[in-house]
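Enquirer: Sending over a structure as structure tokens; questions will come in a sec.
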Amino acid sequence: MSATSITIHFTLNGERVSAEIEPHHTILEVLRQQFALYGARESCGQGLCGCCTVIVNGESVSGCLYLAAMADGGEVSTVEHLDADGELDVVQQAFIECGAFQCGFCTSGFILMSRQLLDRNPDPTESEIRHFLSGNLCRCAAYPEIIEAVKLAARMRKSAGAVPA
């Protein structure tokens, strides 16, 4: 690192970590290069497609634009953190059951956003799903399957008695 590098400390997927960064590094660069977390991907580089979505302090952010220094002292969650004890999150399971992906490039962003939606609104309408996910783009056009996966995940959570955090 250079003379301008700084060290940040944050909680990453439930574990306290440190990273030495340059002030211009994005959280996406740090996650991929220093922690080998490859679920979030850079696609547009402009925060328009949702492929780079990560959760910082409980809110979804475009990882390609979010400066890593802003995560200092915070909490960062990635798609890799959703499975608990080797069990898939219901949103992940619903995406599989509905075939809500083709190439998979955008899937992690859709899954994180879908989970955030269901945490906030356990029984969204199709219109609410479409609106909430409108910042995520799928170049393979798996939108009907994605909508069905969110509906299925909502039903699965309801039948399991899952209560949003």
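45 is the number of the first residue of the sequence shown in my numbering; add one for each residue after it.
Note that the Cβ used here is the ideal one computed from N, Cα and C, for glycine as well.
1) Which word fits D133, buried or exposed, when buried means at least 16 other C-beta atoms lie within 10 angstroms of its C-beta?
2) What residues in its chain sit with their C-beta under 8 Å from that of D127, if we drop five residues either side in the sequence?
3) Reducing DSSP to helix, strand and coil, say where E59 ends up.
4) Take the Cβ of C96 as the centre, count every other Cβ of all protein chains shown within 10 Å, and call the residue buried at 16 or more, exposed below.
5) In terms of residue numbering, what span does the alpha helix (DSSP H) encompassing T151 cover?
6) For H68, count the other beta carbons within 10 Å of its own beta carbon; 16 or more makes it buried, fewer makes it exposed. Which is it?
7) Measure from the alpha carbon of C150 to the alpha carbon of each residue in L75, A80, S121 and N180, then state which is nearest.
8) Can you give the Cα-Cα distance for I50 and G118, rounded to whole angstroms?
9) Compute the beta-carbon to beta-carbon distance between L72 and G94, rounded to the nearest angstrom, for a pair I have assumed lies under 8 Å.
10) Measuring only the C-alpha atoms, how far is E141 from A193?
11) Would you report the Cα separation of Y82 and C182, rounded to the nearest angstrom?
12) Since E172 and I191 should fall inside the 8 Å C-beta cutoff, what is the C-beta to C-beta distance between them, to a whole number of angstroms?
13) S203 to N165, Cα distance in whole Å?
14) So is G148 buried or exposed if we call it buried at 16+ other beta carbons inside 10 Å?
15) Within this structure, are the beta carbons of A84 and V74 separated by less than 7 Å?
16) List the DSSP bridge partners of A128.
Expert: Straight from the coordinates:
1) buried
2) D133 and Q136
3) strand
4) buried
5) T151 to R164
6) exposed
7) N180
8) 16 Å
9) Actually they do not touch by this definition, with Cβ atoms about 12 Å apart.
10) 8 Å
11) 18 Å
12) 11 Å between Cβ atoms; not a contact.
13) 15 Å
14) exposed
15) no
16) E131
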